[in-house]
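In case it helps, our numbering puts the sequence shown at residues 11 to 87.
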Amino acid sequence: MTTRKISIELSEDEVLVLFEWLHRVNESPQIEFEDQAEQRVVWDLEAALESANPALFASDYRVHLREARDRVRDPDE
Numbered sequence: 011m012t013t014r015k016i017s018i019e020l021s022e023d024e025v026l027v028l029f030e031w032l033h034r035v036n037e038s039p040q041i042e043f044e045d046q047a048e049q050r051v052v053w054d055l056e057a058a059l060e061s062a063n064p065a066l067f068a069s070d071y072r073v074h075l076r077e078a079r080d081r082v083r084d085p086d087e
């Protein structure tokens, strides 16, 4: 059985923010996956995001992440 694939478009900023969150979720001992398939999907998504954005490997990654969060975050009202 083949699984139909879908595509999701993300900006580079969204990739940085999502990657960081997924990485924290994956490393957190408080997160318990109900099924190993959930963990596999998180690992696969994290790997896909990692290969999609070279800023993840930049020496100033934290600066890029902070700036990306600032651009993605809802504006103060």
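Think of the CB as a built atom: it goes at the ideal place given N, C-alpha and C, for glycine as much as any other residue.
Please confirm whether residue i and residue j have their CB atoms less than 9 Å apart.
i      : j      : result
Val-35 : Asn-63 : no
Asp-23 : Ala-57 : no
Return the chain-ordered list of same chain residues with a C-beta closer than 7 Å to the C-beta of residue i, the five sequence neighbours on each side being excluded.
i      : result
His-74 : Leu-26, Ala-65, Ala-68
Val-82 : Asp-23, Glu-24, Val-27
Could you tell me the distance, in whole angstroms, from the CA atom of residue i to the CA atom of residue j?
i      : j      : result
Glu-48 : Leu-55 : 11 Å
Glu-30 : Thr-12 : 30 Å
Gln-46 : Ser-21 : 29 Å
Arg-72 : Asp-84 : 20 Å
Asp-80 : Pro-39 : 28 Å
Lys-15 : Val-51 : 13 Å
Identify the continuous alpha helix (DSSP H) that holds residue i and give its terminal residues.
i      : result
Phe-29 : 22-37
Ser-69 : Ser-69 -> no alpha helix (DSSP H), and no H or E assigned at all.
Phe-50 : Note that residue 50 is Arg in the sequence shown here, rather than Phe. Unbroken alpha helix (DSSP H) run through Arg-50: 46-62.
By Cβ distance, which residues of its chain are closer than 8 Å to residue i, with the 5 residues on each side in sequence left out?
i      : result
His-33 : Glu-56
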